[in-house]
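Residue numbers (this note's numbering): 4 to 242.
In structure tokens:
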């Protein structure tokens with residue numbers, strides 16, 4: 004019998020017990036320092052929190068872009084409004100000259116400036132197409148349409164809800180909007196009446212002088228009312 008076998012057999016009688024060596028956790032397989040990770044939320048909730056933060060950041064960025072775009076569009080809209088009002092001033096001024104030449108101020112068929120040879124800018128203004136007034140009206144309409152489109156853009160892009168908000172600035176915006184409806188209605192009416200007068204929809208000055216004079220007077224009243232409403236709408240935002 005070998006010495007190892009004899010030792011194994013005799014060890015219980017001698018009060019001895021052989022044990023396998025114990026491996027200490029991490030002694031062979033881990034570095035000298037162990038880093039503990041403590042997550043306060045389970046992984047799915049951590050991912051949800053990350054996604055929520057990303058959505059919040061995206062919303063803040065979208066809001067900032069909307070505010071910036073509205074401010075930039077508002078500046079262009081303001082400039083276009085001033086240019087449109089200036090063009091309309093020329094248009095209504097030329098329209099007043101045209102009205103005076105054809106009808107005077109309460110004159111009859113035989114004693115208006117065209118009939119007496121006293122037409123402003125010459126007798127050529129008494130027949131045919133009044134091109135200065137027509138060109139000015141077309142330019143004004145184009146400028147007005149562009150400015151109107153910008154107004155719609157400002158209404159659509161209103162991140163701060165200015166139109167329905169409270170405060171002095173929101174009150175001014177609401178008054179501005181009401182005046183905008185007034186001058187929009189005036190522009191539509193002026194376009195219809197102007198085209199009608201130019202194409203004799205309401206008669207002709209030879210046979211229907213009184214009715215033509217009345218329609219032309221209404222055209223003047225609406226024109227100056229529209230001009231005043233547009234000017235007031237701009238002034239309330241500038242001053």
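All residues carry an ideal CB built from backbone N, CA and C; glycine is no exception.
Asked: Beta-carbon gap between residue 182 and residue 151 smaller than 8 angstroms; Found: no
Asked: Delimiting residues of the alpha helix (DSSP H) encompassing residue 107; Found: It is not in any alpha helix (DSSP H) - residue 107 carries neither H nor E in the DSSP assignment.
Asked: Residue nearest to residue 93 in terms of C-alpha spacing, selected from 138, 81 and 177; Found: 138
Asked: Nearest-angstrom Cα separation, counted from residue 126 out to residue 208; Found: 16 angstroms
Asked: Euclidean distance between Cα positions of residue 173 and residue 70; Found: 16 angstroms
Asked: Span separating the alpha-carbon of residue 112 from that of residue 95; Found: 23 angstroms
Asked: Residue 141 versus residue 229: straight-line alpha-carbon distance, rounded; Found: 16 angstroms
Asked: Residue range of the alpha helix (DSSP H) that includes residue 218; Found: 212 to 241
Asked: For residue 143 and residue 212, the rounded distance between their alpha carbons; Found: 28 angstroms
Asked: Inter-stretch contact at 8 angstroms, needing at least 3 Cβ pairs: the stretch 146 to 161 / the stretch 101 to 112; Found: no
Asked: Backbone secondary structure at residue 84 - three-state DSSP; Found: helix
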